[in-house]
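Protein chains in written order, with the working numbering: chain Z, 8 to 394; chain W, 8 to 394; chain D, 8 to 394; chain E, 8 to 394.
These notes concern the structure reproduced below.
Number of protein chains: 4
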Amino acid sequence: MARFADITGLLERQAIELPSWAFGNSGTRFKVFGTPGTPRTPFEKVRDAATVHEYTGLAPTVAIHIPWDTVDDYSLLSRTAHDHGIALGTVNSNTFQDDEYKFGSLTHTDPVIRRRAIDHHYACIDILSEIGARDLKIWLADGTNYPGQGDIRRRQDLLAESLRAIYDRLGPDQRLVLEYKLFEPAFYHTDVPDWGTSFAHVSALGDRAMVCLDTGHHAPGTNIEFIVAQLLRLGRLGSFDFNSRFYADDDLIVGAADPFQLFRILVEVVNGGGYGNPDVAFMLDQCHNIEAKIPGQIRSVLNVQEMTARALLLDRDALRAAQDSGDVLAASAVFMDAFYTDVRADLAAWRENRGLPGDPMAAFAASGYLDRIATDRVGGRQAGWGA
Amino acid sequence: MARFADITGLLERQAIELPSWAFGNSGTRFKVFGTPGTPRTPFEKVRDAATVHEYTGLAPTVAIHIPWDTVDDYSLLSRTAHDHGIALGTVNSNTFQDDEYKFGSLTHTDPVIRRRAIDHHYACIDILSEIGARDLKIWLADGTNYPGQGDIRRRQDLLAESLRAIYDRLGPDQRLVLEYKLFEPAFYHTDVPDWGTSFAHVSALGDRAMVCLDTGHHAPGTNIEFIVAQLLRLGRLGSFDFNSRFYADDDLIVGAADPFQLFRILVEVVNGGGYGNPDVAFMLDQCHNIEAKIPGQIRSVLNVQEMTARALLLDRDALRAAQDSGDVLAASAVFMDAFYTDVRADLAAWRENRGLPGDPMAAFAASGYLDRIATDRVGGRQAGWGA
Amino acid sequence: MARFADITGLLERQAIELPSWAFGNSGTRFKVFGTPGTPRTPFEKVRDAATVHEYTGLAPTVAIHIPWDTVDDYSLLSRTAHDHGIALGTVNSNTFQDDEYKFGSLTHTDPVIRRRAIDHHYACIDILSEIGARDLKIWLADGTNYPGQGDIRRRQDLLAESLRAIYDRLGPDQRLVLEYKLFEPAFYHTDVPDWGTSFAHVSALGDRAMVCLDTGHHAPGTNIEFIVAQLLRLGRLGSFDFNSRFYADDDLIVGAADPFQLFRILVEVVNGGGYGNPDVAFMLDQCHNIEAKIPGQIRSVLNVQEMTARALLLDRDALRAAQDSGDVLAASAVFMDAFYTDVRADLAAWRENRGLPGDPMAAFAASGYLDRIATDRVGGRQAGWGA
Amino acid sequence: MARFADITGLLERQAIELPSWAFGNSGTRFKVFGTPGTPRTPFEKVRDAATVHEYTGLAPTVAIHIPWDTVDDYSLLSRTAHDHGIALGTVNSNTFQDDEYKFGSLTHTDPVIRRRAIDHHYACIDILSEIGARDLKIWLADGTNYPGQGDIRRRQDLLAESLRAIYDRLGPDQRLVLEYKLFEPAFYHTDVPDWGTSFAHVSALGDRAMVCLDTGHHAPGTNIEFIVAQLLRLGRLGSFDFNSRFYADDDLIVGAADPFQLFRILVEVVNGGGYGNPDVAFMLDQCHNIEAKIPGQIRSVLNVQEMTARALLLDRDALRAAQDSGDVLAASAVFMDAFYTDVRADLAAWRENRGLPGDPMAAFAASGYLDRIATDRVGGRQAGWGA
């Protein structure tokens with residue numbers, strides 16, 4: 008197995024994009040709990056995101072979501088980010104919260120509504136240009152709740168047409184990243200339900216169209232690391248939305264539900280050349296329904312970092328030898344050895360060497376930041392999915 | 008196979024309780040769509056529920072949910088129901104929408120919060136007495152999102168204690184019905200996740216404690232009709248919450264996702280003596296997120312009626328003979344024959360004979376009711392899960 | 008809705024290929040039960056398959072599986088089929104039952120074993136040419152049981168290379184059809200686990216490479232009809248392996264577990280131009296572990312026929328109108344109306360008009376065929392998966 | 008967190024029962040691969056089991072399975088075990104491999120077949136008495152493949168009757184342990200599919216009837232540690248069948264598929280008083296389809312030991328404090344800290360102190376045992392599920 012000292016160069020290259028909406032309130036259809044200090048504006052979200060980076064050195068960018076992060080002046084939002092040591096990243100579109108989209112957006116049978124949805128993406132591309140970011144991410148909530156409600160096939164054709172219109176509007180340095188999801192909010196069929204569908208569409212669009220893999224968007228039993236390996240092989244893995252889940256799209260902290268799965272995913276990322284590769288964006292997409300949000304994000308990027316270290320430590324030569332000899336138990340032992348290695352003390356020491364707190368969770372807790380925002384952010388309307 | 012004429016006496020006994028909340032707005036965490044005409048008050052919900060009964064003769068009671076249906080005068084609400092030809096039924100408690108319940112209610116480690124949750128159930132029992140209904144239904148949202156967040160075992164003990172306090176408050180003609188659910192809103196562990204847990208608790212409580220089976224609350228692959236048969240055998244099936252789903256707790260119209268499953272469930276209900284049995288309440292628990300609510304409920308009770316007719320038509324003698332002879336294909340053929348029988352024309356004629364519209368969906372559509380409420384119910388706040 | 012008379016022309020075009028192995032013994036890892044009369048040779052299997060066609064008019068071809076159906080003279084086997092009124096169809100390869108394939112075949116790291124597996128497919132192509140059939144079907148059991156056991160990415164590259172070698176050997180009128188399967192016999196990763204993987208490979212190969220969709224090979228909750236629609240749209244749906252399941256790859260009789268799912272699948276087949284289309288082969292792939300095999304196959308093709316009739320009866324104009332108006336309940340009603348239509352009497356009458364028994368199950372039972380083969384087929388070794 | 012030195016006393020109490028069948032050949036319905044050295048007789052299986060104990064000190068007993076381990080003289084088998092340093096343990100019955108049991112055994116509608124199945128269990132009890140062991144374990148494969156094939160309710164009643172007959176035959180120091188399983192080999196309904204059913208039956212039988220929890224026998228998404236906590240609370244957790252799985256009942260090495268799940272299970276075992284408790288038997292039930300069997304068993308018991316150490320190290324005081332304060336992230340941190348602690352070096356040192364090899368896998372590999380049995384065990388018929 009590699010020694011920790013051998014991998015620090017690679018660890019330095021780690022960058023994980025935070026979702027601005029992780030700092031706002033979220034919840035289930037049953038209840039959204041509020042928390043003192045929750046941001047009221049995109050500027051406050053950016054401020055919180057910058058704090059995560061300040062304590063970890065891992066989160067240099069923050070993704071925004073339109074219209075949740077609509078502001079009058081995106082340059083100002085961008086400068087604010089820079090002033091706090093981070094940058095704005097991916098722009099996420101939203102065509103699921105207007106009344107017009109009740110029965111679809113990019114796949115709607117009504118051309119007026121499709122046009123409206125396409126125009127929303129044009130507006131997102133304008134923002135992308137304004138903030139100088141690269142990726143337009145589309146998670147499409149379109150789908151139906153009842154068999155017969157919509158024409159599955161026709162909707163695919165409309166989707167292809169709408170995506171073409173959006174793709175053709177991209178600048179030469181911009182990308183369209185198409186996320187897939189098994190179900191929710193649609194409960195019978197979803198128009199982009201699986202990686203195969205996303206892959207088929209982005210392949211048809213062109214070189215700057217990629218797939219986004221959200222780790223919580225699969226059917227039970229799906230081997231996610233296989234999809235990672237396959238998309239890397241096909242050259243179409245554009246980004247990750249990291250989170251974890253026990254059941255559906257639970258949006259829990261990455262690594263919380265099945266740490267070994269996260270390890271396996273990261274092993275495939277490394278194997279397939281996706282680590283330290285600017286074409287493969289690491290992002291979080293999580294909901295801190297009941298836990299504190301900023302420390303929740305700190306915990307999350309640390310989880311990714313720790314597991315990345317384990318994946319990098321994997322003794323690939325020994326593994327290959329065991330694989331080639333058909334020694335199942337030896338191969339498994341090499342693999343598990345990396346997973347069970349406790350990298351936490353080494354990481355803490357390394358962080359301190361780089362001027363970061365060895366224990367970012369404790370340092371943040373001691374900083375008084377949460378108390379400060381609870382005191383300062385009084386009045387206004389707390390950010391959430393509806394705002 | 009029995010002839011349709013042979014089963015009409017049994018069909019007359021069918022009664023399906025409607026959920027008041029089906030008439031209010033519902034949705035997903037991503038969006039709740041509103042509809043013109045949505046009730047603003049429990050009285051308007053009762054009115055809509057009565058309309059479903061008027062067109063179908065199948066829905067003589069409506070369940071209420073506290074606090075969503077809180078009124079100053081429950082006797083008045085009850086009289087309103089009677090005036091429109093129906094009655095109030097099951098009282099559903101709610102301990103998942105107050106901020107205090109963020110980490111639990113009946114299972115909370117803090118005795119003050121448990122007390123508050125128990126008191127809420129006492130208030131529900133008072134309402135039960137006031138409206139002269141029988142069943143207090145508890146769906147407990149308690150659970151945790153992260154391993155370690157709570158002590159699973161200790162919470163079971165607290166739950167048993169809380170349920171005991173509630174059960175002991177019941178009047179001699181009242182019942183406690185405990186619902187189970189695999190997950191949501193809790194995403195790691197749920198305190199009453201399966202029928203076994205609900206059964207263990209109600210068995211410990213006493214004869215008037217029963218299990219509620221919500222058809223959408225199981226893990227993928229669960230054989231629900233087996234649980235129906237088992238709970239009937241154990242004498243603990245208190246009620247159904249009917250709905251259907253393709254994925255999680257989708258709360259679609261009963262029979263929409265898997266009609267054959269509904270058939271199998273109803274066959275076991277009939278086999279186990281649960282049909283026409285006042286101890287086994289048939290209720291709906293659905294969310295009409297995107298379809299019209301009142302016709303959604305009409306469609307739902309008709310689905311149950313049609314499938315009940317098929318289940319009653321099953322040739323049980325022929326089936327038993329095939330089963331005993333080990334003729335798998337013959338048994339299957341008898342079973343499927345009932346399922347594939349088109350009972351719709353017979354049911355329409357029978358409805359007309361009883362003074363009901365042969366096609367309740369068409370009759371309701373022609374009535375102009377939806378237009379009227381859309382015109383009349385202007386202003387105020389539409390009912391939903393938050394109100 | 009269309010009248011039955013309107014669809015008989017289409018029904019005449021229905022042809023369902025039977026799997027020769029359905030007539031041999033099958034079972035689970037726990038037990039394979041034998042039955043009197045089970046074929047001992049491929050010739051006897053062909054004879055049984057022909058009987059299914061004789062009673063139904065629906066099954067003009069039978070697929071063979073190599074080496075289970077290895078014979079000295081394939082022309083003789085083919086002539087035997089013709090003599091009994093059917094033809095040989097798809098040739099299925101098998102690289103999962105030789106000791107060499109313990110750790111893979113087309114994906115094995117050892118080039119000698121890959122060569123052996125490729126050669127087996129060459130032999131299958133020779134048989135294909137000899138019997139004058141079109142499709143070489145590859146269901147690849149390759150995969151691993153433990154994380155780390157194999158290199159997922161490298162195996163994909165080897166797979167692509169092996170498939171290329173096989174594809175290039177095909178004659179101009181022959182096709183390679185690549186089946187996918189979530190899991191089993193491999194329990195961690197499978198090299199062709201989903202339609203996306205199969206699609207990526209066949210797209211890379213060329214126009215005569217297609218995907219085979221086995222209805223039992225998906226993760227729980229997968230919307231199979233969506234995949235049908237998508238593959239038809241992409242021009243890559245080569246064939247179906249029909250069966251049904253409640254849990255994993257149960258290989259039950261098609262339509263037995265979820266008849267409504269079969270309906271939805273067939274609706275998409277018709278919508279997408281896959282019905283009556285020679286490019287889309289309908290096949291069965293089932294295991295009659297405990298039920299009688301020949302009547303099991305008769306029941307199966309009848310199930311497909313009945314459900315096809317319902318799918319053809321769907322009032323597509325009314326459905327489109329309801330879809331376009333956003334009337335969810337109306338669209339659902341049109342859809343369900345076709346599903347609930349009892350087509351059995353019409354089909355029986357139509358069969359009789361064509362000189363077939365109205366009730367093929369009863370006619371076969373009355374024929375004494377099962378008794379005859381039980382008497383005649385004594386001695387020898389009953390066919391099964393091992394032979 | 009506890010220090011390793013604090014838990015060694017508890018670790019000494021660990022005892023894991025091995026399944027004799029793990030040493031024989033196993034596989035899937037597609038193929039059973041043989042291995043040189045596979046035991047031909049129960050005596051050779053016992054010998055292999057003893058070897059696992061010799062290298063680990065963790066496996067003092069071996070479970071037997073009747074008829075797979077039928078011998079003329081059970082006292083001799085027992086003495087052989089003792090001579091090699093272990094003892095015979097649980098007796099497992101088998102009513103799924105005789106032709107009579109095609110449609111059921113303890114639930115069969117034919118009283119003659121039920122009698123036969125009951126008598127088989129009487130024979131198992133006689134063996135139990137002869138070898139001086141305590142537990143009769145019943146995994147009942149009974150079920151049906153098609154809706155309607157059997158009468159679910161009637162079969163439950165027959166099951167209760169059969170279990171009563173068996174239970175009443177037990178000696179005062181013997182126990183009946185009833186295992187449950189979601190599906191396989193039955194593919195529609197299983198007569199003991201879930202813990203609730205097993206619990207309902209054993210509660211009705213008496214104090215010496217317990218539930219066996221096989222970790223691979225649940226629906227996807229089931230929270231297994233919850234069931235552990237619940238059964239311990241109810242006093243009915245009789246034993247574990249440890250293994251792991253990604254999909255169905257894959258029977259992989261325990262801890263291989265989801266190590267964190269194993270950790271959570273063991274935490275609940277400790278919390279609920281099930282560790283070091285003779286009433287709760289730890290057993291393996293695995294199939295080494297493609298990996299070496301003896302080292303597979305060694306790896307398995309080491310996995311359980313390592314994870315038990317982590318579970319014992321959990322800082323329960325800190326956890327309780329975090330839970331009571333509602334600090335989700337702090338509670339999670341305490342929990343994960345124990346999981347991520349690398350106990351392997353401490354365990355190796357501790358093993359050596361006790362006269363065991365620090366690295367049992369390496370020590371066994373160096374011993375030449377596998378080569379010896381490959382040389383010695385030539386001829387005869389290798390043990391497997393059919394023998």
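Where is the CB? At the ideal position from N, CA and C, for every residue including glycine.
- For chain Z, the residues of the region 120–153 of chain D that bring a beta carbon within less than 9 Å of one of its beta carbons are THR151, ASN152, TYR153, in chain order.
- In this structure, the CA atom of GLY365 of chain Z is about 15 Å from the CA atom of THR15 of chain Z.
- The alpha-carbon of ASP133 of chain Z is positioned some 46 Å away from that of PHE342 of chain Z.
- When beta bridges are read from the DSSP output, PHE249 of chain Z appears opposite Z:LEU291.
- According to DSSP, ASN32 of chain D shares a beta bridge with D:GLY391.
- Annotation: ILE301 of chain D to TRP28 of chain D spans about 11 Å, alpha carbon to alpha carbon.
- Within the model, the alpha-carbon separation for ALA226 of chain D versus ASN230 of chain Z is close to 10 Å.
- Secondary structure at PRO364 of chain Z: coil, using DSSP grouped into helix, strand and coil.
- Closer than 8 Å to the CB of ASN296 of chain D there is at least one CB belonging to chain E.
- In the structure shown, the three-state DSSP call for VAL385 of chain W is coil.
- Shown here, ASN296 of chain E sits in coil according to DSSP, grouped into three states, outside any helix or strand.
- For THR348 of chain Z, the chain E residues whose Cβ falls inside 7 Å of its Cβ are ASP349, in order along the chain.
- Contact check between the region 213–222 of chain E and the region 158–166 of chain E: fewer than three CB pairs, one atom from each, fall below 8 Å, which does not count as touching.
- Close partners of PRO302 of chain E in chain Z (Cβ separation under 8 Å): LEU336.
- Considering only beta carbons, the part of the region 258–284 of chain E lying closer than 9 Å to chain Z consists of ILE260, GLY262, ALA263, ALA264, ASP265, PRO266, PHE267, GLN268, in chain order.
- The contact set of TRP392 of chain Z on chain W, defined by CB atoms closer than 8 Å, consists of ARG36, PHE37 in chain order.
- Shortest Cα-Cα distance from ALA337 of chain D to any of W:GLY223, W:ALA57, W:ALA299 involves W:ALA299.
- Under the three-state reduction of DSSP, VAL276 of chain W is assigned to helix.
- One alpha carbon belongs to GLY283 of chain Z, the other to MET8 of chain Z, and they sit about 20 Å apart.
- Here THR197 of chain W is not near PHE206 of chain W, since their CB atoms are 8 Å or more apart.
- Listed along the chain, the chain E residues whose CB falls inside 8 Å of the CB of TYR62 of chain D amount to none; the nearest CB is some 21 Å away.
- For LYS144 of chain E, the enclosing beta strand (DSSP E) covers residues 142–146.
- Residue pairing for GLU24 of chain Z: DSSP places it in a beta bridge opposite Z:MET290.
- In the structure shown, ARG182 of chain E adopts extended strand secondary structure according to DSSP, grouped into three states.
- Here the alpha carbons of MET368 of chain Z and ASN101 of chain D stand approximately 55 Å from one another.
- Taking 7 Å as the cut-off between beta carbons, the residues of the region 213–234 of chain E near chain Z are PRO227, GLY228, in sequence order.
- Per the Cβ contact rule, the region 131–145 of chain Z is in contact with the region 173–184 of chain Z (3 or more Cβ pairs under 8 Å).
- Within the DSSP secondary-structure output, VAL98 of chain E pairs in a beta bridge with E:ILE71, E:LEU143.
- Comparing alpha-carbon positions, the option among W:VAL277, W:TYR153, W:VAL261 lying closest to LEU239 of chain W turns out to be W:VAL277.
- Along the length of the region 208–256 of chain E, whole alpha helix (DSSP H) runs at least 4 residues long occupy 231–241, reported in chain order.
- None of the residues of the region 68–97 of chain D has a beta carbon lying less than 9 Å from any beta carbon of chain W.
- LEU212 of chain E is positioned such that its CB atom lies closer than 8 Å to that of LEU183 of chain E.
- For LEU377 of chain E, the closest of E:GLU61, E:THR42, E:HIS115 by C-alpha to C-alpha distance is E:THR42.
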